[in-house]
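Residue numbers (the working numbering), protein chains in the order written: chain A, 2 to 146; chain B, 1482 to 1817. Beta carbons: idealized from backbone N, C-alpha and C, even for Gly. Accompanying notes for the structure given below.
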Amino acid sequence: VVATMQERVGVVTAKIATIPADQRPNIFWEVFDEPLTTTGPNTFIGQLIGLAGATNVFADAGEDYPQVSSEAVIDRDPAVILGAMTQSAKLTPELIAQRPGWANIAAVRDRRVYLLDDDMMSRPGPRLADALEALAKALYPEQLQ
Amino acid sequence: VIKRRVSTLGWLVLLSCTLLVLLVLSLGTGAIWLAPERVFQILLDRTDPALRLADVTIVWDLRLPRSLLAGLVGAGLAGAGSAFQGLFRNPLADPFVIGASGGAALGATLAIVSSGSDDSIAIPVSLAAFGGALGAVFVVYVLAAARGGDATTSLLLAGATLSTMLSALVSLLMLLNDRQLQEIFAWLLGGFSGRSWGHLVSSSPLLLSGLIVLWLLSRPLDALATGEEGARSLGLPLAQARGGIVVAASLVTAAAVATSGIIGFVGLIAPHIARMLVGTGYRRLIPTSALVGALLLLLADSAARSIAAPLELPVGIITALVGGPCFLWLLGKGQR
């Protein structure tokens, strides 16, 4: 299992390595909506973001799961917004666009709000390779067919 | 008491000007700082291509409605607080003295808990809080009327008892629904995070008209503040006056709680500060309290969103932590 995992991770990271740095989006990962919570660089998701070659707009956060304000998210203007499908009813691209001011965020304007399967994203384990592949497909739809 | 070298009108003008300056500063304050001239630029022409879209969005869609709302809620809480202090002749009375906060908390908690289950109809949290606040005040009023005797004492006792019971219910609900614990807790601490123009439009009519009604009731308030005997001897219809004050102050409180959760302390201390400035007459006290309350809450909300940025603190924590010592200092100064 570990060998196939490593192989698949290797395939994805090798493809990502060919993507120039200026095409790698900065992203906002929404862990929770009220209070608005994201992830720092040292969590499972934070590391996954790094592995996928993207930049977390809150990579400077000291905590693992910092609460952030709407203002800060709008100020950092992420190109992609990602989240896990746990709060099914509350985290949809439509609802995110309705939050005050969020319609002007690049990710919302360009319709780049993606919800990924929670079982895959929130549990460190053998499905890490699945998670990375799903994340990479969301981040680089053109490069990774 | 600060000597009244400055007239009431002078204080009102001074407070209003301070409020305006603070409003502009608050629009620049938060997770990112914008200089006042940049704020003016954004306010004057939001389509100016030289401006950064994120800055325009932050000022127009987030900070402006939020700051106006903070000022308005502060004014409402302070006005209601001063009315209740007069009605109960009790310097410790605040807008929540007859159960509004407990009722609002229960309503909001029920709405949050039921929104978690998939098959229920979602009730907006603010509406549930509004209904809860008014419901609790109504129950307190009916209980007090049934007890008879000294009407104001009955109201105070019924209010305190019901508040305790309701907060026990809220604790129970929080214990049983730990998935929504954080959301409930954040609401209970109060704040303006995520509030926008819609909240301002829905709450300002009630807040403003309630304040005006309280101001129109300033003569009966003066009379009640000197004691029921005195009020009766002045030939005022006591029951109606008391009813009107309770209804107006409760509507204002409910509207405030519905928009921003339970923000303590502003409604308690703003009337005391106002009394130091303009004395005890309610004609002067209501508008002065309202302005002081607006100033305090605007200040507290600006602090709440900048102290720990990019994290936002619940504004209720700031009002109590910073307001408490300041208030004690002012009281000590006033006594000397």
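- Restricting attention to B:A1561, B:G1804, B:R1713, B:A1581, the CA atom closest to the CA of Y1763 (chain B) is found in B:A1561.
- The C-beta of S1677 (chain B) comes closer than 7 Å to at least one C-beta of chain A.
- Close to Q68 (chain A), with beta-carbon spacing below 8 Å, are these residues of chain B in chain order: L1792, E1793.
- Going by beta carbons, I1593 (chain B) and Q1663 (chain B) fall outside the 7 Å limit.
- Note that the C-beta distance between V1747 (chain B) and T1800 (chain B) is below 7 Å.
- Neighbours of D1542 (chain B) across chain A, judged by C-beta separation under 7 Å: P101, G102.
- About 6 Å separates the beta carbon of G1671 (chain B) from that of V1796 (chain B), a gap short enough to meet the 8 Å contact definition.
- In the DSSP assignment, E134 (chain A) is bridged to no other residue.
- Taken in chain order, the whole alpha helix (DSSP H) runs of length 4 or more contained in the segment 1756–1817 of chain B are 1763–1787, 1796–1816.
- Contact residues of the segment 1525–1559 of chain B toward chain A are L1534, A1535, T1538, I1539, D1542, L1543 (C-beta to C-beta distance below 7 Å).
- The beta carbon of L1496 (chain B) sits closer than 6 Å to the beta carbons of L1772 from its chain, once the five residues preceding and following it are set aside; these are given in chain order.
- Taking 8 Å as the Cβ-Cβ cut-off, the segment 1660–1671 of chain B approaches chain A at Q1663, E1664, A1667, given in chain order.
- In this structure, D131 (chain A) places its C-beta atom within 7 Å of the C-beta atom of M121 (chain A).
- Legend: CB atoms of the segment 70–85 of chain A lying less than 9 Å from CB atoms of chain B belong to residues S70, S71, E72, A73, V74, I75, D76, R77, D78.
- The three-state secondary structure of G84 (chain A), taken from DSSP, is strand.
- Residue environment: S1714 (chain B) is assigned as exposed (fewer than 16 neighbouring CB atoms within 10 Å of its CB, all protein chains considered).
- Distance from W30 (chain A) to G84 (chain A) at the Cβ level is roughly 7 Å; contact confirmed, criterion being Cβ atoms closer than 8 Å.
- The residue from A:Y115, A:V74, A:A15 with its alpha-carbon nearest to that of L92 (chain A) is A:Y115.
- Apart from the 5 residues on each side of it in sequence, L1636 (chain B) sits with its Cβ closer than 6 Å to the Cβ of I1579, A1625 in its chain, given in chain order.
- The three-state reading of DSSP puts I28 (chain A) in strand, counting E and B together.
- Within chain A, the C-beta atoms nearer than 7 Å to that of A1512 (chain B) come from S70, E72, A73, D76, in chain order.
- V114 (chain A): member of the beta strand (DSSP E) spanning 114–117, first to last residue.
- Those residues of the segment 1674–1701 of chain B placed with their C-beta closer than 9 Å to a C-beta in chain A are S1674, G1675, R1676, S1677, W1678, G1679, ordered along the chain.
- Per the DSSP secondary-structure output, L37 (chain A) pairs in a beta bridge with A:D34.
- Between the C-alpha atoms of I1744 (chain B) and L1534 (chain B) there is a straight-line separation of about 32 Å.
- Contact between A1609 (chain B) and L1702 (chain B) does not hold, since the beta-carbon distance rounds to 31 Å and is not under 8 Å.
- In the DSSP annotation of this structure, the continuous segment of the alpha helix (DSSP H) that includes I1665 (chain B) starts and ends at 1662–1670.
- Approximately 7 Å separates the beta-carbon atoms of R112 (chain A) and P94 (chain A); this is inside 8 Å, confirming the contact.
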